[in-house]
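Going line by line, the protein sequences match chains B and R.
39 is the number of the first residue of the first sequence in this note's numbering; add one for each residue after it.
39 is the number of the first residue of the second sequence in this note's numbering; add one for each residue after it.
Using N, Cα and C, we set each Cβ at its ideal position, and we do this for glycine too.
Protein chains: 2
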Amino acid sequence: MPITANNPKIKSWLDVPKNSDFPIQNIPFGVFITKEDVITIGTRIGDYAIDLGALQQLNYFDGIELTDDMFMQDTLNDFISDGKKTWRLVRNRISAIFESSNPLLRDNIEHRDIIVCKIEDVEMQLPVLIGDYTDFYSSKEHATNVGKMFRDAENPLLANWLHIPVGYHGRSSSIIPSGIPIHRPMGQMLPNGETTPVFGASRSIDFELEMGFITTDVNVMGENIPVHQAEDYIFGMVLLNDWSARDIQKWEYIPLGPFLAKNFATSISPWIVTMDALEPFRTKGPKQNPNPLPYLQQNGKHTFDINLEVAIAPENEEATIVSNSNFKYMYWSMSQQLAHHTSNGCRINSGDLMGSGTISGPTTSSFGSMLELSWGGKNPIELKNGTERKFINDYDTVIINGFCKKNEVRIGFGEVSNKLLPPFVRK
Amino acid sequence: MPITANNPKIKSWLDVPKNSDFPIQNIPFGVFITKEDVITIGTRIGDYAIDLGALQQLNYFDGIELTDDMFMQDTLNDFISDGKKTWRLVRNRISAIFESSNPLLRDNIEHRDIIVCKIEDVEMQLPVLIGDYTDFYSSKEHATNVGKMFRDAENPLLANWLHIPVGYHGRSSSIIPSGIPIHRPMGQMLPNGETTPVFGASRSIDFELEMGFITTDVNVMGENIPVHQAEDYIFGMVLLNDWSARDIQKWEYIPLGPFLAKNFATSISPWIVTMDALEPFRTKGPKQNPNPLPYLQQNGKHTFDINLEVAIAPENEEATIVSNSNFKYMYWSMSQQLAHHTSNGCRINSGDLMGSGTISGPTTSSFGSMLELSWGGKNPIELKNGTERKFINDYDTVIINGFCKKNEVRIGFGEVSNKLLPPFVRK
Chain B
39 MPITANNPKI KSWLDVPKNS DFPIQNIPFG VFITKEDVIT IGTRIGDYAI
89 DLGALQQLNY FDGIELTDDM FMQDTLNDFI SDGKKTWRLV RNRISAIFES
139 SNPLLRDNIE HRDIIVCKIE DVEMQLPVLI GDYTDFYSSK EHATNVGKMF
189 RDAENPLLAN WLHIPVGYHG RSSSIIPSGI PIHRPMGQML PNGETTPVFG
239 ASRSIDFELE MGFITTDVNV MGENIPVHQA EDYIFGMVLL NDWSARDIQK
289 WEYIPLGPFL AKNFATSISP WIVTMDALEP FRTKGPKQNP NPLPYLQQNG
339 KHTFDINLEV AIAPENEEAT IVSNSNFKYM YWSMSQQLAH HTSNGCRINS
389 GDLMGSGTIS GPTTSSFGSM LELSWGGKNP IELKNGTERK FINDYDTVII
439 NGFCKKNEVR IGFGEVSNKL LPPFVRK
Chain R
39 MPITANNPKI KSWLDVPKNS DFPIQNIPFG VFITKEDVIT IGTRIGDYAI
89 DLGALQQLNY FDGIELTDDM FMQDTLNDFI SDGKKTWRLV RNRISAIFES
139 SNPLLRDNIE HRDIIVCKIE DVEMQLPVLI GDYTDFYSSK EHATNVGKMF
189 RDAENPLLAN WLHIPVGYHG RSSSIIPSGI PIHRPMGQML PNGETTPVFG
239 ASRSIDFELE MGFITTDVNV MGENIPVHQA EDYIFGMVLL NDWSARDIQK
289 WEYIPLGPFL AKNFATSISP WIVTMDALEP FRTKGPKQNP NPLPYLQQNG
339 KHTFDINLEV AIAPENEEAT IVSNSNFKYM YWSMSQQLAH HTSNGCRINS
389 GDLMGSGTIS GPTTSSFGSM LELSWGGKNP IELKNGTERK FINDYDTVII
439 NGFCKKNEVR IGFGEVSNKL LPPFVRK
């Protein structure tokens, strides 16, 4: 059955620009600070931010079982903990309130003044308190490219890659929302051909085009979640830039994996687009060969057709698109990642973030990092202003955006956009 | 100047058994649930748990600037955020209140009934909400043993090891206090000699003898902490068992490091022993050769002489000590670890946990894991009951304890003790 809020025919009484990522069929969830310096949970329609705390206080959620302050909070964790039924009831109610024929709020100017803000008047925050952050490595094209460059061009995939959705732990404290600038990290590196390392500013700052999903409380410690139930525990998705310092990474990562090469910054788009909103864009993932072990086997459509784009904008200059990819290229699905993650009983909580890993497609223009796009610096990318990039320069802004489109409905994620600043200098 | 609370001559009016880990010179911090089902921050003297929430409500901290509910909380994070001056004032005040010549609380039976509980009447909890957990790999003997077994007996240390306090991110959600049993994890492994992996219960569950330190808020994102300032940001230490599934680890860890082999459980002792209490046991670490890069260089005594012991107790049987080690064997100091961790601007918050990595000493009886003690299973360890262990069996309890001793003062950590249960079975 189609979910009411996804009905492609409904329109909002709020103006939605053509090609907006946020039609009334989206109803994403986020957290923002208003002009009046109040922090609240909200949603977005067109270029309007909607204060769900105010909506709740004015009784627009009557009849839905919610704690009194559900939306008057600074994170979505409690709402996400409430589970899929609550998410769906709330999203459908918001859809009904803002649907063009509903006069309830539309014709109540006093309430509209309290509830509806212009998007440029709010300051977006991290949508969840992220307890733990896991990053996977689930694009076959990306793993193959990296293997070709650094290991064995003939056998680029490691022995475990086709059997395991390989993942590792990232650092929650380094996750920031779109808009926050990042300092180029200092670090220890081994210059090419040398045997003694040096300490200095990284010279190869990269983006990684990823998406992330946010979970609800999945399990108690010691218990696993079967792959066919895993989707029920996914609240929604965001865009994610897994900033990386390739020279630091190369020197530090053996044998325990990337550490300081990654934990200086990971940025995400501030609106969580729900799995319900993405439902119409469900599609099949790549064929998996060899067949995974039974605990990872699934049939049907378990991924989503999400167009992704990365652009680099030098200071005060026009942005150049450097990559076009799609979430559907991922070899391992989110349910497989979650089933694998809990297969040992690892506890997963509301608000945890799981990154996809770099999403590279089959063509060179769909690679998801500068490392791959410039093939380790051998083929610099030319920007519109005539300058070249092997990696990211100081004062460049990296902008990732993503959207789904079908039958004239476009569901988008907005963007994750962050500027790279020179290294921090202690005064 | 000696810190008042550390004065070896003072005694408490509370009875302290001989060889207790918790004389009045210790004053560790923890969180517990009382018989009356109240959760509170507390300390311990001898076999008494002391309710610091009640102590604060009854005005025993008057004159120290504290928020009204500082100790009526379920984590120490806010207290730790307040910084070193507050920690020291509070610890000295507690020391003064319980010092034998002070009648104030000693002679107030009504207050004593509210404030002082028997240790067996309280249930210890995790002392902090751990935002992020990092585990280092800082014992040269351990890294050498692992290198000999799995890589190159002639060149067991990897190229970066002597230059970097190698570390990686663990999972906060998997950290549990002493006393909670752990299920043997299921997982994917590659049987010896096979090319196709299987899924099943791990057959090589190991402990890792570690210590952990808890930080206060260290920095804002992008800024580093110089090595000579790093100690100011360390609140205290705990014992830590980094439970590991060696067969899962072997198959999954290349190239991104250990993941499901570790995140099924990490256990810590519940009392945080402050750095002030450990001050008398400061000592020099091993000589570092080659000299580290300047950002990691330090002189003087930057480690601590802490005796460590691991025992295995089969179900309903006496425990057998299998390892005696010491924290002072660590090659990299905690300040070096923290300076390295923030060298790229990585943000570190109050309540974050940093594990030392397995602490192995120079002799075979001081190795910090079954992997090393049984040398990969080749030399099983005999227990007192006549059975042998290559790794940990179902229903075995692994008990780590640790203490410092000097001039008749013993400052201990209590223990971290957890039983291994068979795999979880879905009903």
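With 16 as the cutoff for other CB atoms within 10 Å, does residue i come out buried or exposed?
i, result
"R/Q267", "exposed"
"B/I147", "exposed"
"B/S305", "buried"
"B/P40", "At B/P40 the pLDDT is 48, less than 50, meaning the model places this residue with poor confidence and gives no usable figure here."
"B/T253", "buried"
"B/G450", "buried"
"B/K178", "buried"
"B/R427", "buried"
"R/Q226", "buried"
"R/D244", "buried"
"R/D100", "exposed"
"B/G424", "exposed"
"B/L142", "exposed"
"R/Q375", "buried"
"R/G452", "buried"
Starting from residue i, trace the alpha helix (DSSP H) both ways and give me its first and last residue.
i, result
"R/R82", "Note, R/R82: premise wrong, no alpha helix (DSSP H); beta strand (DSSP E) at 77–83."
"R/E290", "284–290"
"R/F94", "Sequence check: residue 94 of chain R is Gln here, not Phe. Unbroken alpha helix (DSSP H) run through R/Q94: 90–95."
"B/M313", "313–316"
"B/S373", "372–380"
"R/G225", "From DSSP, R/G225 is part of no alpha helix (DSSP H) but of the beta strand (DSSP E) over 224–227."
The beta strand (DSSP E) spanning residue i covers which residue range?
i, result
"R/L247", "247–253"
"R/I132", "From DSSP, R/I132 is part of no beta strand (DSSP E) but of the alpha helix (DSSP H) over 122–136."
"R/L448", "According to the sequence shown, residue 448 of chain R is Arg rather than Leu. From DSSP, the beta strand (DSSP E) with R/R448 extends over 447–459."
"R/P215", "213–215"
"R/E347", "345–351"
"R/T435", "435–444"
Do residue j and residue i count as a contact pair if the criterion is CB distance below 8 Å?
i, j, result
"B/K444", "B/P324", "no"
"B/Y175", "B/S210", "no"
"R/W281", "R/A315", "no"
"R/I214", "R/I153", "no"
"B/E356", "B/K457", "no"
"R/I397", "R/L277", "no"
"R/R82", "R/F60", "yes"
"B/G250", "B/M392", "yes"
"R/T182", "R/P165", "no"
"B/V69", "B/D112", "yes"
"B/I220", "B/L459", "yes"
"R/N362", "R/S404", "yes"
"B/Y433", "R/F297", "no"
For residue i, which residues in chain R fall below 8 Å Cβ to Cβ?
i, result
"B/N301", "H207, N382, C384"
So which residues of chain R does residue i contact, with C-beta pairs closer than 9 Å?
i, result
"B/S211", "G169, D170, M259, C384, R385, I386, N387, D390"
"B/I286", "N382"
List, in chain order, every chain B residue whose beta-carbon is nearer than 9 Å to that of residue i.
i, result
"R/H149", "Going along chain B, no residue has its Cβ under 9 Å from R/H149, so there is no contact; the nearest lies around 36 Å."
In chain B, which residues lie with their C-beta within 7 Å of the C-beta of residue i?
i, result
"R/Q226", "H201, I202, L331"
Find the residues of chain R that neighbour residue i, judging by a C-beta separation of less than 7 Å, and give them in chain order.
i, result
"B/P223", "N382, G383"
"B/L196", "I292, P293"
"B/Y175", "L294"
Taking Cβ-Cβ distances shorter than 8 Å, what residues in chain B pair up with residue i?
i, result
"R/S298", "In the sequence as displayed, the identity of residue 298 of chain R is Leu instead of Ser. Residues of chain B passing the Cβ test: H378, H379, S381, N382, C384."
Any beta carbon from chain A within less than 8 Å of residue i's own beta carbon?
i, result
"B/D107", "The structure shown contains no chain A; its protein chains are B and R."
- prompt: Of all the residues that make up the stretch 228–246 of chain R, which are near chain B by a beta-carbon distance shorter than 9 Å?
  reply: Within the stretch 228–246 of chain R, the qualifying residues are L228, T233, T234, P235, V236, F237, S240.
Under 8 Å (Cβ pairs) to chain R, residues found in the stretch 346–367 of chain B: Residues: none.
- request: Could you run through the stretch 263–294 of chain B and flag, in chain order, every residue whose CB is less than 9 Å away from some CB of chain R?
  value: Under the 9 Å Cβ criterion, the stretch 263–294 of chain B contributes P264, A283, I286, W289, E290, Y291, I292, P293, L294.
Positions along the stretch 440–462 of chain B whose CB lies within less than 7 Å of some CB in chain R: The stretch 440–462 of chain B vs chain R, Cβ under 7 Å: F462.
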